[in-house]
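Participant: No gaps in the numbering here: position 137 of the sequence shown is 136 in numbering that gives the first Met the number 0, and each next residue is one more.
The following block contains the structure, expressed as structure tokens.
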Amino acid sequence: MGRAVARRLDRTFFDSDHEIEARTGARIPVIFEMEGEAGFRDRESQVIAELTQRENIVLATGGGAVLRAENRECLKNHGIVIYLRANPHDLWLRTRKDKNRPLLQTDDPKARLEALYEARDPLYRECADFIIETGRPSVNGLVNMVLMQLELAGVIAKPLQA
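As structure tokens, this is what we get:
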């Protein structure tokens, strides 16, 4: 989704989780196992602080990036924050088979996801310039919604065609 927005805006795309993996040479679950969540969050904060200094990028962050105030401030102060909001059930459908999500590797991952959502949703709302209710549209549909919001905000001059 972020990559498609970046392509339409002719900007460079970064995913903070992928950037962490590239820098460490380790997958996110391995980082969690070796350093714990706090160690991972330290790395995440460093990557977000660095990437938000760049211009003309689209940055996708991991779900827990908003847990730290410093990340919310970096994101809010250095760009437009778009919260792609999905309800816990839709999130569950998207993530239930993904083994690269260490916080969901529990006996009851659905309950864990609901708890994470309850904790994170207000933080996303706090730093978001725009909230887009995702539901289950296509990637192209979501990209068009994002571009429309950016156009209405005067960030882009006109809708860009695919």
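Virtual Cβ for every residue (Gly too), placed ideally from N, Cα, C.
Taking the straight line between their C-alpha atoms, what separation do you get for Glu43 and Leu50?
Facilitator: Here residue 43 refers to the residue found at position 44 when the sequence shown is read from its first residue. Here residue 50 refers to the residue found at position 51 when the sequence shown is read from its first residue. Approximately 10 Å, taken between the alpha carbons.
Participant: According to DSSP, simplified to helix, strand and coil, what is Ile81?
Facilitator: As a position in the sequence shown, residue 81 is number 82, starting the count at 1. Strand.
Participant: Run through DSSP, which three-state label would Glu125 get?
Facilitator: Stepping through the sequence shown from its first residue, residue 125 is reached at position 126. DSSP places Glu125 in helix when its eight states are reduced to three.
Participant: Using 8 Å as the cut-off, can you tell me whether the region 21-35 makes contact with the region 65-80, which would need three or more C-beta pairs spanning the two stretches below that distance?
Facilitator: Output reads no: the region 65-80 does not touch the region 21-35.
Participant: Which one or two residues does DSSP pair with Val46 in a beta bridge?
Facilitator: On the sequence shown, position 47 is the one that residue 46 refers to. Paired residues: none, contrary to the question.
Participant: Using a Cβ-Cβ cutoff of less than 6 Å, which residues in the same chain neighbour Asp9 once the five nearest sequence positions on both sides are dropped?
Facilitator: Locating residue 9 in the sequence shown gives position 10, counting from the first residue. Once the five neighbours on either side are set aside, Asp9 has no close Cβ partner at all.
Participant: What are the boundary residues of the beta strand (DSSP E) that Val65 is part of?
Facilitator: Mapped onto the sequence shown, residue 65 falls at position 66. Looking at the DSSP string, Val65 is not in any beta strand (DSSP E), and its letter there is neither H nor E.
Participant: How many angstroms separate the CA atom of Ala48 from the CA atom of Val57?
Facilitator: Position 49 of the sequence shown, counted from the start, is the residue given in the question as residue 48. Position 58 of the sequence shown, counted from the start, is the residue given in the question as residue 57. Those two C-alpha atoms are separated by around 14 Å.
Participant: Which residue's Cα is closest to the Cα of Pro87: Phe129, Ala37, Val4 and Glu113?
Facilitator: As a first step, residue 87 must be located in the sequence shown, where it is residue number 88. Checking every option, the nearest Cα to that of Pro87 belongs to Glu113.
Participant: Can you tell me where the beta strand (DSSP E) holding Ala59 begins and where it ends?
Facilitator: The residue labelled residue 59 in the question sits at position 60 within the sequence shown. Run containing Ala59: Ile56 to Ala59, per the beta strand (DSSP E) assignment.
Participant: Give me, in chain order, the residues of the same chain whose beta-carbon lies closer than 6 Å to that of Leu149; leave out the 5 immediate sequence neighbours on both sides.
Facilitator: Numbered from its first residue, the sequence shown carries residue 149 at position 150. Ile155.
Participant: Do you know whose CA, among Val142, Leu146, His77 and Tyr116, lies nearest Met0's CA?
Facilitator: Taking the sequence shown and counting its residues from 1, the one referred to as residue 0 is at position 1. Ranking Val142, Leu146, His77 and Tyr116 by Cα distance to Met0 puts Val142 first.
Participant: Report, in whole angstroms, the separation of the C-beta atoms of Asp89 and Arg135, which I expect to be a contact under 8 Å.
Facilitator: Residue 89 sits at position 90 when you count from the first residue of the sequence shown. Residue 135 sits at position 136 when you count from the first residue of the sequence shown. That belief holds up - the Cβ atoms of Asp89 and Arg135 are roughly 6 Å apart, short of 8 Å.
Participant: Alpha carbon to alpha carbon, how far is Arg2 from Phe12?
Facilitator: For the purposes of this step, residue 2 is identified with residue 3 of the sequence shown, where counting begins at 1. For the purposes of this step, residue 12 is identified with residue 13 of the sequence shown, where counting begins at 1. Using only the alpha carbons, I get a separation of about 6 Å.
Participant: Please classify Asn139 as buried or exposed, where buried requires at least 16 other C-beta atoms within 10 Å of its C-beta.
Facilitator: Stepping through the sequence shown from its first residue, residue 139 is reached at position 140. The residue is exposed, with fewer than 16 neighbouring Cβ atoms inside 10 Å.
Participant: Could you give the residue range of the alpha helix (DSSP H) that holds Thr23?
Facilitator: For the purposes of this step, residue 23 is identified with residue 24 of the sequence shown, where counting begins at 1. Its alpha helix (DSSP H) spans residues Ser15 to Thr23.
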